[in-house]
Amino acid sequence: MAPLGIGLFLLLLSLLLTFIAASSMFIFQKRLTNIAESAALFLAENDSSIETYLEQMDISGFDSLKLRSNVLSDKKTVHVKACGVWASPSIGVSNLSKKEICSHASARAGQ
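For what it's worth, the working numbering labels the leading residue of the sequence shown as 1, then goes sequentially.
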């Protein structure tokens with residue numbers, strides 16, 4: 001009976017750690033999407049650079065955050081790509097403990 005209980009406990013523990021890591025990665029990606037969307041809207045409304053956006057916003061909590069923007073050929077649409085390094089909240093010994101996650105957003109300037 002004891003080996004079965006230990007096996008079930010280890011299975012439950014591994015499922016719990018997997019759920020925590022997946023939830024953390026999902027929330028991290030949503031935060032990157034939020035930053036990319038707000039940067040795209042800022043750049044579409046103001047004719048400024050991504051550096052100006054970063055100076056005005058307090059973006060903390062990201063390990064090596066990278067923002068790239070480009071204006072498409074119609075001169076009205078701005079595309080922003082935000083990338084950051086996500087670290088697993090659980091103890092990991094593999095390469096999955098740190099991973100670069102990216103998110104994209106576009107915005108179009110009015111008239």
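All C-beta atoms in this analysis are idealised placements derived from N, C-alpha and C, irrespective of residue type, glycine included.
CB-CB length for residue 88 against residue 29, believed under 8 Å:
At roughly 14 Å, the Cβ-Cβ gap does not stay under 8 Å, so residue 88 and residue 29 are not in contact.
If you follow the beta strand (DSSP E) that residue 82 is in, where does it begin and where does it stop?
Unbroken beta strand (DSSP E) run through residue 82: 77-87.
Closest residue to residue 62 among 73, 9 and 85 (Cα-Cα distance)
It is 85 whose Cα lies nearest to the Cα of residue 62.
Taking residue 110 as the reference, which of 44, 48 and 97 has the closest Cα?
Considering only 44, 48 and 97, the residue with the shortest C-alpha distance to residue 110 is 44.
Residue closest to residue 36, alpha-carbon to alpha-carbon, out of 7, 83 and 108
Residue 36 has its Cα closest to that of 83, out of 7, 83 and 108.
I'd like the list of long-range same chain contacts for residue 99, defined as Cβ closer than 6 Å, with 5 residues on each side in sequence excluded.
Leaving aside the five residues that flank residue 99 on each side, the residues in its chain whose CB is nearer than 6 Å to its CB run, in chain order, 86.
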